[in-house]
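Colleague:
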Amino acid sequence: MRSGPGISYKPLKVIQKKDTVELLETINSNWVKIKHRELVGFTSSQYFKEFEEKTDLIKDDNKQNLNDDNSFYQVLLGFCFVLGIIYFVSKSGKKHRDRYIASTLALFLGIFGFQKFYLGQKKGGIISLLFCWTPFPFLIGLIDFFKLVIMKKKDFNNKYNNTTLKNDSIINYKSFQDEKEELEKNKTIHYNVDNTIIDVNSEILDLSIEKDTAIEVPYWSHTYVYSYNEINNANQQQKNFYKYFRKLFLKGEFVNIQGFTNYAFILYFDLLNDYEDNKDIKLLEERFKFLGEICPKTKSYSLMSLKDLLKNRNDSYSITKLQNLQNSSYQYEYGYSDYDPDEYKLGKKYKDELGLSKQEVAWLNKFRKQSNGFTNIKGCLIAVIKQYIFILKESNKHLNAKDSSITKEVNYFKEKITKFYKTRNNSEQVYYDISYSNQRIESDTYLTIFRRVENSVRKNFGHKKSLSEDFLFYDNNINQEIEKRIGDIIKELIKEFKSQIEEPDILTQVELNGQNVNRWKIEFADLKNSFQIEKKDIFIKGISDLEEANKKCSNIENIFYEASKFISKHDDVQALKYYATYIYYDLNSKKFNNKQLMNSVKKSLFKTEEQLTEFTVIIEELIRTRNIESALESISKIYIPKRKKILLNKTEIKEVEHKHSGTVELLNEYLNEDDGVESKENKEVELAFISSSKKSSIFKPELRINDIQEKLLLKIANNLFLIHQDEVDKFALENGLFKNQLVDSINEICEDYLEGEVLIEEDEENYIIEESYYKEIVL
462 MRSGPGISYK PLKVIQKKDT VELLETINSN WVKIKHRELV GFTSSQYFKE FEEKTDLIKD
522 DNKQNLNDDN SFYQVLLGFC FVLGIIYFVS KSGKKHRDRY IASTLALFLG IFGFQKFYLG
582 QKKGGIISLL FCWTPFPFLI GLIDFFKLVI MKKKDFNNKY NNTTLKNDSI INYKSFQDEK
642 EELEKNKTIH YNVDNTIIDV NSEILDLSIE KDTAIEVPYW SHTYVYSYNE INNANQQQKN
702 FYKYFRKLFL KGEFVNIQGF TNYAFILYFD LLNDYEDNKD IKLLEERFKF LGEICPKTKS
762 YSLMSLKDLL KNRNDSYSIT KLQNLQNSSY QYEYGYSDYD PDEYKLGKKY KDELGLSKQE
822 VAWLNKFRKQ SNGFTNIKGC LIAVIKQYIF ILKESNKHLN AKDSSITKEV NYFKEKITKF
882 YKTRNNSEQV YYDISYSNQR IESDTYLTIF RRVENSVRKN FGHKKSLSED FLFYDNNINQ
942 EIEKRIGDII KELIKEFKSQ IEEPDILTQV ELNGQNVNRW KIEFADLKNS FQIEKKDIFI
1002 KGISDLEEAN KKCSNIENIF YEASKFISKH DDVQALKYYA TYIYYDLNSK KFNNKQLMNS
1062 VKKSLFKTEE QLTEFTVIIE ELIRTRNIES ALESISKIYI PKRKKILLNK TEIKEVEHKH
1122 SGTVELLNEY LNEDDGVESK ENKEVELAFI SSSKKSSIFK PELRINDIQE KLLLKIANNL
1182 FLIHQDEVDK FALENGLFKN QLVDSINEIC EDYLEGEVLI EEDEENYIIE ESYYKEIVL
């Protein structure tokens, strides 16, 4: 049951055999409107037998009449049913006639003349139907059956499918000018005829286009074309144009059909019929390609048909051609498809930019690369591509010594897969399994090699994350064998030629540092380890380069904070400049942390309170204005000695001279004594530092940790480096201190030694010590 009177309408339900339905309305000879269990819909009348319901209270004397009526209706319904089938068969025969269907009808239903109606012989069908109660129609059906069985397909098509349209002697084709005059009377669409010369006996096409005089194309609305017989549904003008179109096509002349695809698809089926006669696969191939130039929509259908025909052939050309046609890149390159599978692959994308050879492009087009954060950076991707190509070349050199290559190794595994699948029964399924698996083995093999190369480049570029690089085929034995035959070679070559990887340029560095906010620490550690006081300019330039390479790094401020701490032991001004730069970048970050200089660093940088105050003012001004240039200029003046102006009062000086004239004269006498007079022997003053008696400590002496601090540290260490804050509070009070005072004093002592790290940290209600830090401060 469907939602409307036709097979194109949506199915509503399936009615079971012997179900009873209510007939609501007869739509036409085939379709009726019915009601079945409260659901109303439409269905074909041929599946039902009509009857009228009667009440059980029928008188006995009327029962015989009712049976007679039912018999009459049954005969009538049967007759209508036969007529319906005749109508259906006749209509089906108009669209397309099949020799096997016709012979089947002749054998089993020849008594009703169904084969005559199917083949368009209505008079013969009517005679057989009228005399169906005699044996003559049955004998006619047997005769027709044997005729149809022995008839050739070509002869059948010529006789019953009107393929004689191709014969010039059947249709008196009008001259070109007469046809043009007749077509002007109807609505037509103008187009240009393009002449193209095609050598149908060769694989080389000359598709040069030459414009001819404009002719008119009969309009033909788009319909689905299922066979050549659709030409029977065309009007005479359309049929005439198709003949004209086919004639020019076979001559190799290009005809612009202006989007009326019906003509092209009818020609498509016509070409398939021609192949059944000549069996020339090369000719069909060339004609399909040329048809695709005229109507691109036919390409996919032509390709599918060509594959099916090639699968049934055993000659070497067909086998090789079928293998090539499995490759979508081959299909596009040779005009079998408009879809370019390599459009977004690496080979096509970087062919011109990197000047890649045809082989190098093919290697890169073997797989579809999934994007990731690392290869989304162009400089990283190009470095991987170059190293990938280099490794493949070296691999082929290595394999050539064994009379092999990467391609041969991949083909070896393809053959193994083919043998595996050929053991299956379903030939059609086997074909697609082999095709899919061969493509996967090739694609995944090259992709795995690419990933392994990418991991080596990632490591060289300081990128910590790596990709999975195992061969992951469905069979573990194949994984192990491909690893042994290919994977081990690739690993050795990657290791051997890692120095071949190009260093990232500045743009690549910027992008990498933007992704990995701590990547700068690697280069910063190298600067610290190679630092020499007499070559501190190298360190300063290195920090400047780090700043340039970390423009997109969200942690750029920490570079200058760490640089300030390190250089403070060697250059006061540079240390303050780095700290000011830290503040500047910290102001521009998401969160203003404003980390202060450590006390030990302050003591080494500022000799006077005035210097500290002046620097504090500079930083406050920087925070307010964010003018880093002005701040750096002001920092350079902090350590310049300041001269104080003194205003002298000459009158007071005279009074002092007069009052102390005797003392002045005495001093002058001492000052004017001869330099050769021996002075009294200077007595050396010996300063003795008396150390208080103290037991030896387990902590390094330069830290100067006192007894109370040592006891607390031991207390925490002995408790698995964790202690409750209440215990620390109690311990501090017993020793006349506050909890925070004691903890802060220990952290301040160890801060410089641990390069700014905190020894004792709060963890909710506890204090904890990082064990590695503790080991650094003990002897």
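Residue numbers for the sequence shown, in our numbering: 462 to 1240. Built from N, CA and C at the ideal position, the CB exists for glycine as well. Please read these numbers as outputs of a predicted model, since none were measured by experiment.
#1: Can you have a look at Ile947 and say buried or exposed, based on whether 16 or more other CB atoms are within 10 angstroms of its CB?
#2: With distance defined between alpha-carbon atoms, name the residue in Leu973, Ser1065 and Lys982 nearest to Phe922.
#3: What does the alpha-carbon distance come out to for the pair Asn696 and Val686?
#4: Please confirm whether Arg558 and Asn694 have their CB atoms less than 9 Å apart.
#5: Is the Cβ-Cβ distance between Leu566 and Tyr579 less than 9 Å?
#6: To the nearest angstrom, how far is the alpha carbon of Glu1212 from that of Val978?
#7: Does the beta-carbon of Ser929 have 16 or more other beta-carbons within 10 angstroms, so that it is buried, or is it exposed?
#8: Alpha carbon to alpha carbon, what distance is there between Asp801 and Tyr652?
#9: Measuring straight from C-alpha to C-alpha, what distance separates Asn563 and Pro472?
#10: Using CA coordinates, which residue listed in Pro596, Thr595 and Phe575 is at the minimum distance from Ile587?
#11: For Pro965, name the three-state secondary structure that DSSP assigns.
#12: How is Ser766 classed by DSSP in three states: helix, strand or coil?
#13: What is the residue span of the beta strand (DSSP E) that Asp735 lies within?
#14: Report the rounded CA-to-CA distance for Ser763 versus Leu752, giving the unit in angstroms.
#15: Comparing alpha-carbon positions, which option in His1031, Gln719, Asp1032 and Asn1016 lies nearest Tyr1045?
#16: Go ahead and pull the three-state DSSP assignment for Leu476.
#17: Which residue wins for smallest C-alpha separation from Trp492, given the options Thr504, Thr481, Tyr621 and Glu499?
#18: Between which residues of its own chain and Ile592 is the CB-CB distance below 7 Å, once the five residues before and five after are set aside?
#19: What do you reckon, is the C-beta of Ser960 under 8 Å from a heavy atom of the ligand FMN?
#20: Buried or exposed: Asp1135, going by 16 or more other Cβ atoms within 10 Å of its Cβ?
#21: Quick check: Phe874 and Glu944, are their CB atoms within less than 9 Å of each other?
#22: Is Glu1188 near Leu1215, with beta carbons less than 9 Å apart?
#23: So, with DSSP's three-state summary, where would you put Leu1198?
#24: With DSSP collapsed to three states, give me the class of Lys830.
#25: Considering Lys494, what are the terminal residues of the beta strand (DSSP E) in which it resides?
#26: Kindly indicate the opening and closing residues of the beta strand (DSSP E) around Val501.
#27: With a threshold of 7 Å on Cβ separation, who are the neighbours of Pro596 within its own chain once the five nearest residues in sequence on each side are excluded?
#28: Alpha carbon to alpha carbon, what distance is there between Leu1007 and Ala986?
#29: Would you mind listing the alpha helix (DSSP H) stretches within the segment 982-1044 that are 4+ residues and don't spill past its ends, in chain order?
#30: What first and last residue would you give for the alpha helix (DSSP H) that runs through Leu609?
#31: What residues in its chain sit with their C-beta under 6 Å from that of Tyr797, if we drop five residues either side in the sequence?
#32: If the criterion is Cβ atoms closer than 9 Å, does the pair Leu732 and Phe749 meet it?
#33: Using only alpha-carbon positions, find the residue among Met462, Asn990, Tyr1040 and Arg1085 that is nearest to Ser499.
#34: Does the separation of the CB atoms of Glu1223 and Ile1229 fall below 9 Å?
#35: Residue range of the beta strand (DSSP E) that Ile1166 falls in?
#36: Measuring straight from C-alpha to C-alpha, what distance separates Asp660 and Leu825?
Modeller: This is what the structure holds:
#1: buried
#2: Leu973
#3: 15 Å
#4: Against a cut-off of 9 Å, the Cβ pair of Asn694 and Arg558 comes out as no contact.
#5: yes
#6: 24 Å
#7: exposed
#8: Because the pLDDT at Tyr652 is just 36, under 50, the model does not fix this residue reliably, and the point stays unresolved.
#9: Residue identity differs from the one stated: residue 563 is Ala in this sequence, not Asn. Using only the alpha carbons, I get a separation of about 30 Å.
#10: If we check each option's Cα against that of Ile587, Phe575 comes out closest.
#11: coil
#12: helix
#13: Run containing Asp735: none in the beta strand (DSSP E); it sits in the alpha helix (DSSP H), Thr722 to Asn739.
#14: 9 Å
#15: Asn1016
#16: Looking at the sequence provided, one finds Ile at residue 476 rather than Leu. Three-state DSSP puts Ile476 in coil, outside helix and strand.
#17: Closest option to Trp492, Cα to Cα, is Thr504.
#18: Here residue 592 is Phe; the residue named in the question, Ile, does not match the sequence. Cβ neighbours of Phe592 beyond the five flanking positions: Pro598.
#19: Ligands are entirely absent from the displayed structure, and the ligand FMN is therefore not among its contents.
#20: With a pLDDT of only 49 at Asp1135, under the threshold of 50, the placement of this residue in the model should not be trusted; the figure read from the coordinates follows. Counting Cβ neighbours within 10 Å, Asp1135 comes out exposed, since fewer than 16 surround it.
#21: no
#22: no
#23: coil
#24: Secondary structure of Lys830 (DSSP, three-state): coil.
#25: Lys494 -> beta strand (DSSP E) spans Trp492 to His497.
#26: Leu500 to Ser505
#27: Within the same chain, no Cβ atom closer than 7 Å to the Cβ of Pro596 is found once the five residues on either side in sequence are excluded.
#28: 12 Å
#29: 997-1010 and 1017-1028
#30: Phe597 to Ile611
#31: Leu764
#32: yes
#33: Reading off the sequence, residue 499 comes out as Glu, not Ser. Measuring from the Cα of Glu499, the nearest candidate turns out to be Met462.
#34: yes
#35: Per DSSP, Ile1166 belongs to no beta strand (DSSP E) and is neither H nor E.
#36: Reliability of the predicted coordinates at Asp660 is poor, the pLDDT of 41 falling under 50, and the value obtained from them is presented with this limitation in mind. Distance between the alpha carbons of Asp660 and Leu825 is about 35 Å.
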